[in-house]
Amino acid sequence: MRAVAASGFAPAVPSLPLVGMSRWQQLRHIIPVSREKWRQLVLAGQAPAPIRISERCTMYQNVEVHRWLADPVGYRQDGGGA
864 MRAVAASGFA PAVPSLPLVG MSRWQQLRHI IPVSREKWRQ LVLAGQAPAP IRISERCTMY
924 QNVEVHRWLA DPVGYRQDGG GA
């Protein structure tokens, strides 16, 4: 059982909705690698590719991020992962 803080509330655990899209700032607390490593994985096809919404807005599909979190080693962008 998780310890409760002195204030009586449990600490907030970052979560990611199953559907929708998220920006890197929302994912950085959940993804266990640095932003640069994530970029390298994307370029290699081993992490979900971002979707450019506008010139300054890039987002990731949450369903793909969840798929990557379930199997980071076997993930492939084309959906052909194990």
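When you read off a place in the sequence shown, starting at 1, and then add 863, the result is the number in the working numbering. Where a beta carbon is used, it is the ideal one built from N, C-alpha and C, also for glycine.
Closer than 6 Å by C-beta to residue i: which residues in its own chain qualify, once you throw out the five before and the five after it? Chain order, please.
i      : result
Arg930 : none
Gln940 : Gly908, Ala912
Tyr923 : Ser885, Pro911, Pro913
Leu879 : Ile893, Asn925
Pro935 : none
Is the Cβ-Cβ distance between residue i and residue j less than 8 Å?
i      : j      : result
Asn925 : Val882 : yes
Leu904 : Val928 : no
Between which two residues does the alpha helix (DSSP H) carrying residue i extend?
i      : result
Arg898 : 898-906
Arg930 : 925-933
Leu890 : 887-890
So residue i is in the beta strand (DSSP E); what residue range does that whole segment cover?
i      : result
Arg915 : 914-917
Give me, in chain order, the residues of the same chain whose beta-carbon lies closer than 8 Å to that of residue i; leave out the 5 immediate sequence neighbours on both sides.
i      : result
Thr921 : Arg886, Trp887, Pro913, Ile914, Arg915
Short of 7 Å in beta carbon distance, which residues of its chain neighbour residue i, apart from the five on each side in sequence? Order them along the chain.
i      : result
Ala933 : none
Trp901 : Ile894, Ala910
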